[in-house]
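Below: the structure, in structure tokens.
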């Protein structure tokens, strides 16, 4: 079983980059490019400019351009907001790092709170509670009467 | 958690909520909202939002609105894929030819469009007035443009006058407002 998983992992590791280097897929690019007028990805828009952009992508795929080249051409025409995902470099990298940072901070906060609460609960459980003597006497009387 | 840490945490949370509320109020009170078009609709005459964009007919040439200071300017936002833009193009060209000697310039702003498509459009309709290219639509928010075509009138002092025209200028609905806008931009009595 372990051998099979290892073989599958190695195969994926080798085939993955090879597949990514192949010709771009129209549907993939349409899902990664935003229509500038309607602010949805091209695959969800039928506006005139979205239709025109789909045609542009089709023509440039046929011409042999890579996905990165087509995206770069569209960014040159319409600006970086045309990309559904911000680039993973420069200032835009913050869009990727900030949520991860926030998640890490959240995990640390929850861990610290859980640790603190569990310690306090332990402390509460081990502490010896003392009752007021008068109250203790009354409790004993009530329990004795209850037993009778 | 100690009582002091709890108080500090609560203080930070309350401060964050107050900060976000303050941002919301500030945005509602002073935010761009509908841009210059919003001010115009309230009867104000705001200064036309400045821009510097590349000229469509010259890859390295730039044109700023401030370059046209002292002239009356008809600013027309359009795109080659917009049908009413095609219908109104001849009327805009006619305005440019008719009032050019009086110091009026029609300035086309091609936005959210392919540069090549826009060039073909200009050639097809024989447009000779200056056209700038704003592929990303960076000017639209400041002007309050919500669709294409839209037309604004800038007087010789650089202030917006008349009405913002949404839709083709050659339509029956807009023709009167367009003619009035041209006159106001030129400083003629209406």
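Chains as they are written, first to last, in our numbering: chain A, 1 to 148; chain B, 149 to 338. Every residue, glycine too, gets a C-beta built ideally from N, C-alpha and C.
Check	Outcome
Interface residues of chain A facing residue 260 of chain B [CB-CB closer than 8 Å]	36, 37, 49, 78
Cβ contact check for the region 28 to 46 of chain A and the region 70 to 85 of chain A: 3 or more pairs under 8 Å	yes
Within-8 Å CB hit, residue 256 of chain B to chain A	no
For residue 285 of chain B and residue 210 of chain B, the rounded distance between their alpha carbons	16 Å
Positions along the region 214 to 227 of chain B whose CB lies within less than 8 Å of some CB in chain A	227
Bridge-paired residues (DSSP) for residue 79 of chain A	Paired residues: none, contrary to the question.
Integer-rounded CB distance, given that residue 329 of chain B should sit under 8 Å from residue 315 of chain B	No, residue 315 of chain B and residue 329 of chain B are not in contact; Cβ-Cβ is about 14 Å, not under 8 Å.
Among B:155, B:196, B:250, B:162, nearest to residue 358 of chain B - alpha-carbon criterion	With chain B represented from 149 up to 338, any question about residue 358 of chain B goes unanswered, as that position is not in the structure.
Test: residue 102 of chain A CB closer than 8 Å to a CB of chain B	no
Chain B contact for residue 81 of chain A (CB, 8 Å cutoff)	yes
7 Å Cβ shell around residue 295 of chain B - same chain, five flanking residues per side excluded	314
Other residues of its chain near residue 265 of chain B: CB distance less than 6 Å, five sequence neighbours each side excluded	228
3-residue-minimum beta strand (DSSP E) runs that sit fully inside the region 176 to 251 of chain B, ordered along the chain	200 to 203, 210 to 212, 220 to 226
Within 8 Å, strictly: CB atoms of residue 283 of chain B and residue 246 of chain B	no
Any chain B beta carbon closer than 8 Å to residue 15 of chain A	Because the pLDDT at residue 15 of chain A is just 47, under 50, the model does not fix this residue reliably, and the value given afterwards should be weighed accordingly. So no, residue 15 of chain A is outside the interface.
DSSP three-state assignment for residue 261 of chain B, whether helix, strand or coil	coil
Listed by chain order, chain B residues near residue 52 of chain A by CB distance under 9 Å	228, 229, 261, 262, 265
Buried or exposed by the 16-neighbour rule on C-beta atoms within 10 Å, applied to residue 37 of chain A	buried
8 Å Cβ cutoff, residue 131 of chain A in contact with chain B	no
Inter-stretch contact (C-beta, 8 Å, three-pair minimum) for the region 246 to 258 of chain B and the region 219 to 236 of chain B	yes
Cβ-based burial, residue 322 of chain B [other Cβ within 10 Å; buried from 16]	buried
Interface positions of the region 273 to 291 of chain B facing chain A (Cβ-Cβ less than 8 Å), listed along the chain	283, 284, 285, 286
For residue 313 of chain B, the three-state DSSP class (helix, strand or coil)	strand
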